[in-house]
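Q: For the sequence shown, position 68 (counting from the first letter as 1) is numbered 82 according to the numbering used here, and the numbering increases by one without interruption.
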Amino acid sequence: MKGAIFDLDGVIVDTAKYHYLAWKELAAELGFEFKESDNERLKGVSRMRSLEILLEVGGIDATEEEKQVMAEKKNNRYVEMLQSLDSSELLEGAEAYLRQLKNDGVRISLGSASKNAPLILDKLGIRDLFDAVVDGNSVSKAKPDPEVFLKGAEMLGLAPADCVVFEDSQAGIEAARNAGCGVIAIDVGGILTDADKYVKCLGDLLV
Ligand code: BG6
Ligand code: MG
């Protein structure tokens, strides 16, 4: 591994719960219950694609305009929840593992679907650990499309095959595979497939 490309939500920081809460609130407003089991399908997926899946679960049709309003509403609520985010919500061993890789000379990129990634990295105070940041503001195709990881490898000046992706979503694992990268799954629930290795958290990889 010459390069490491990290997903953000659910790999480095425990923001997945806030995404879920914000979507759940929107679903409640729309008159249906959004369950945690359905939420699994939203992980790693872009904001608009997440909304489409949510509406599919609720059996709701909406115009493009209505969808824009709903996505904005969810995001405003999510960003509100992020205001109090700090380093205490880093997942176990995440910062230590990033530092270990840095000490070993491994180049590090973020590879996240989130447009809120810059805000989150600032709140956590870990921006300087990344040699490159690729997020929802710089990619146009959502995971499982490989764009985010191909761009990450390119920004690190490395071939995708020399990079390992760290992911907690099935869409992200597929994106890593499609990019030709290795992939380590952060799989708390034991539900992910197709990765090279499975751990519960980045702390499991510390030496
Ligand atoms: C991913 C999350 O990291 O970012 C998804 O796993 C989320 O659940 C996606 O939908 C987009 O995030 P944001 O912050 O741009 O709405
Ligand atoms: Mg994730």
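Where a beta carbon is used, it is the ideal one built from N, C-alpha and C, also for glycine.
Which of helix, strand or coil does DSSP assign to residue 218?
A: DSSP places residue 218 in helix when its eight states are reduced to three.
Q: Once you ignore the five residues that flank residue 109 on each side, which residues in its own chain have a CB closer than 7 Å to its CB?
A: So the qualifying residues of the chain are 140.
Q: Where does residue 64 land, buried or exposed, given buried means 16+ other C-beta within 10 angstroms?
A: Per the 10 Å Cβ criterion, buried.
Q: In chain order, which beta strand (DSSP E) runs of at least 3 residues are fully inside the region 87–138?
A: Runs of the beta strand (DSSP E) inside the region 87–138: 121–125.
Q: What would DSSP say about residue 196, mapped onto helix, strand or coil?
A: Reduced to three states, the DSSP call for residue 196 is strand.
Q: For residue 86, count the other beta carbons within 10 Å of its own beta carbon; 16 or more makes it buried, fewer makes it exposed. Which is it?
A: It is exposed - the Cβ of residue 86 has fewer than 16 other Cβ atoms within 10 Å.
Q: Would the beta-carbon of residue 152 be found less than 7 Å away from any heavy atom of the ligand MG?
A: Incorrect: residue 152 has no Cβ contact closer than 7 Å to the ligand MG.
Q: Based on Cα-Cα distance, which residue from 51, 71, 66 lies nearest to residue 203?
A: When only C-alpha atoms are compared, the closest one is 51.
Q: Quick one: grab the DSSP three-state call for residue 47.
A: Residue state, collapsed to three classes: coil.
Q: What does DSSP give as the partner residues of residue 212 in its beta bridges?
A: In DSSP, residue 212 forms a bridge with 199.
Q: State buried or exposed for residue 34, treating a residue as buried only when at least 16 other CB atoms are found within 10 Å of its CB.
A: Buried, because 16 or more other Cβ atoms sit within 10 Å of the Cβ of residue 34.
Q: What residue does the alpha helix (DSSP H) around residue 26 start on, and which one ends it?
A: Premise fails: residue 26 is in no alpha helix (DSSP H) and is neither H nor E.
Q: Hey, which residues come within less than 7 Å of the ligand BG6, measuring from Cβ to any heavy atom, in chain order?
A: Cβ-based neighbours of the ligand BG6 within the cut-off: 21, 22, 23, 24, 30, 33, 56, 57, 58, 59, 60, 61, 64, 89, 92, 126, 127, 128, 129, 130, 150, 183.
Q: Sorry if obvious, but does the Cβ on residue 186 come closer than 7 Å to a heavy atom of the ligand MG?
A: Flag set: Cβ of residue 186 near the ligand MG.
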